[in-house]
Amino acid sequence: MANLNDLKLRISSVKSTQKITSAMKMVAAAKLRRAQEQAVASRPYAERMARMLGSLAVSAGKQPGASPLLAGTGKDDVHLLIVAAADRGLCGGFNTNIVKEARKKAYELIKAGKTVKFYCIGRKSRDQLRREFGSRIVDTIEDIAKPSLGFDKATTVSDRVLGMFDAGEFDVCTIFYAKFKSVMLQVPSAQQLIPFEAEGDADASGLADGSIYDYEPSDEKILRDLLPRNISIQIFKAMLENAASEHGARMSAMDSATRNAGEMIDSLSIKYNRTRQANITNELIEIISAKEAL
Amino acid sequence: MANQQVEFELVSPEKLLLSQNVDMVVVPGEDGDFGVLPRHAPMISTVRPGVIAIYSGKEISERIFVAGGFAEVTTERCTVLAEIAQPVSELDKATVQQQLQDAKEDFSDAQDDAGRDAARKQIELSEARLTAIG
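Have a look at this one:
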């Protein structure tokens, strides 16, 4: 009979797990919607920034003495990898995939004789990198989404990164994050932040009608202001994409967990009922055979 | 010309704050305020902390404080990218004075150049806010 009780206990524990996973799925769905809205809302700024930067980079970028943020330091010995992952787990392969991408790149660089440094965004990114690259992690920022994911968080990161760049602590900076394609699909990707790489469509050197901008006070000065801000924006964008990806990944992970729990409950219930019936049959046989023997 | 308007957009990193057609907008540029009317020559300028004034007709309909940023002007559009923007009517004099006081204390307490720089920026911002309130 103990077997029967064990089964009962297992069924009820799987049931409560299922309740938790399905609640987490719903929470993730609600958060995903918010994260997506935030990502969409932040797009206009990034677009306009890219447009301005595109036209400025064309006119001022090729001059001698251009900002090292644009032209680079002329070396690529020290690489800073910003690894943006989540603070919490239980979201499928989300964190692991990002870290895997970063790790691959790090080993390539180390093999080529470069120095690699890490900047971790999110607790999970640090946890996963600590064992292999503990001494190379220069800084970590946690609790990125508490109380909410704001631009100030991105500024904190970018201030630190720019401070290190000014101090000559690295030459090239790349950020790793998950691009949000859909709820089911998040693509871990790498984007180079320093030196600035113009995106494919940002080659608008003038206006549609061919006229050219006037720059006030001067193109170099604007560029000097614009480039550091662009770094913050790019980091912010990566963080927002990441947030959406995280919730998407958690949603689908929790969805399949809920489904698995359901299947488990079904099979356990069948097992439970069979065992119960077998027990009853056994008892009946015992009673009948006892009666016959009398 | 009377029916022509400028498409004015105010964008923060978090969202598009304002997008409307206005008669004229005055932006505090780095080298001085400039007004934008329809068919303004295209230009890009940095913006210092100050007040953006939106005109409908000859009256100022809205005053918005921005803590620096960039402005892009084309013949039919004026886009301001600002990290911090708030309507002047929402600024409270006592709070701002308190902020200024705090920033000044931070400045004298700061141990290194980085801390002093950060505090100085805060002081400048608070002073710009005070000027905005008038």
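Protein sequence lines, in the order shown, are assigned to chains A and B. With this note's numbering, the residue at position 42 of the first sequence is 36, and numbering never jumps. With this note's numbering, the residue at position 100 of the second sequence is 126, and numbering never jumps. We put the CB at the ideal spot given by N, CA and C, even for glycine.
Contact under 8 Å by Cβ, residue i with residue j
i                : j                : result
Thr109 (chain A) : Arg120 (chain A) : no
Ala79 (chain A)  : Gly116 (chain A) : yes
Ala15 (chain A)  : Met245 (chain A) : One point to set straight first is that residue 15 (chain A) is Thr, not Ala, in the sequence displayed. For Thr15 (chain A) and Met245 (chain A), no; Cβs fall outside 8 Å.
Val52 (chain B)  : Gln31 (chain B)  : no
Val106 (chain B) : Ala120 (chain B) : no
Gly58 (chain B)  : Val73 (chain B)  : no
Leu187 (chain A) : Gln228 (chain A) : yes
Phe190 (chain A) : Leu50 (chain A)  : no
Asp260 (chain A) : Asp165 (chain A) : no
Pro68 (chain B)  : Val99 (chain B)  : yes
Coarse secondary structure for residue i, derived from DSSP in three states
i                : result
Glu41 (chain A)  : helix
Pro54 (chain B)  : strand
Gly194 (chain A) : No answer about Gly194 (chain A) holds up, because its pLDDT of 45 lies below 50 and its placement is not dependable.
Glu202 (chain B) : Coverage of chain B is limited to positions 27 through 160, which leaves residue 202 (chain B) absent and any answer about it impossible.
Lys2 (chain A)   : helix
Gln271 (chain A) : helix
Glu126 (chain A) : helix
Leu156 (chain B) : helix
Val72 (chain A)  : strand
Tyr266 (chain A) : helix
Ala237 (chain A) : helix
Thr67 (chain A)  : coil
Asn67 (chain B)  : Reading off the sequence, residue 67 (chain B) comes out as Ala, not Asn. Ala67 (chain B): coil per DSSP, three-state reduction.
Asp49 (chain B)  : coil
Phe170 (chain A) : strand
Ala118 (chain A) : Sequence inspection shows Lys at residue 118 (chain A); the Ala mentioned does not correspond to that position. Lys118 (chain A) falls in the helix class under three-state DSSP.
Ala80 (chain A)  : coil
Leu278 (chain A) : helix
Glu102 (chain B) : coil
Val77 (chain B)  : strand
Ala97 (chain B)  : strand
Pro222 (chain A) : helix
Lys111 (chain A) : strand
Ala243 (chain A) : helix
Ile229 (chain A) : helix
Ser134 (chain B) : helix
Gly141 (chain B) : helix
Ser82 (chain B)  : strand
Ile206 (chain A) : coil
Supposed close pair residue i, residue j - CB separation, criterion 8 Å
i                : j               : result
Val114 (chain B) : Val77 (chain B) : 6 Å
Lys118 (chain A) : Asn89 (chain A) : 4 Å
Phe34 (chain B)  : Ile80 (chain B) : 7 Å
Glu88 (chain B)  : Pro64 (chain B) : About 18 Å; that fails the 8 Å criterion.
Members of the region 219 to 231 of chain A that neighbour chain B once the beta carbon cut-off is set at 8 Å: Asp219, Leu220, Arg223, Ser226, Ile227 and Phe230
Members of the region 59 to 81 of chain B that neighbour chain A once the beta carbon cut-off is set at 7 Å: Ala67, Pro68, Met69, Ile70, Ser71 and Thr72
Interface residues of the region 28 to 61 of chain B facing chain A [CB-CB below 7 Å]: Val37, Ser38, Pro39, Glu40, Lys41, Leu42, Gly55, Glu56 and Asp57
Chain-ordered residues of the region 136 to 155 of chain B with a beta carbon less than 8 Å from chain A: Ala140
Selection of the region 103 to 114 of chain B by Cβ proximity to chain A, strictly under 8 Å: Thr105, Leu107 and Glu109
Contact set between the region 145 to 162 of chain A and chain B, restricted to residues whose Cβ is under 7 Å from the partner: Phe145
Members of the region 239 to 260 of chain A near chain B, C-beta cut-off 7 Å: none
Selection of the region 94 to 105 of chain A by Cβ proximity to chain B, strictly under 8 Å: none
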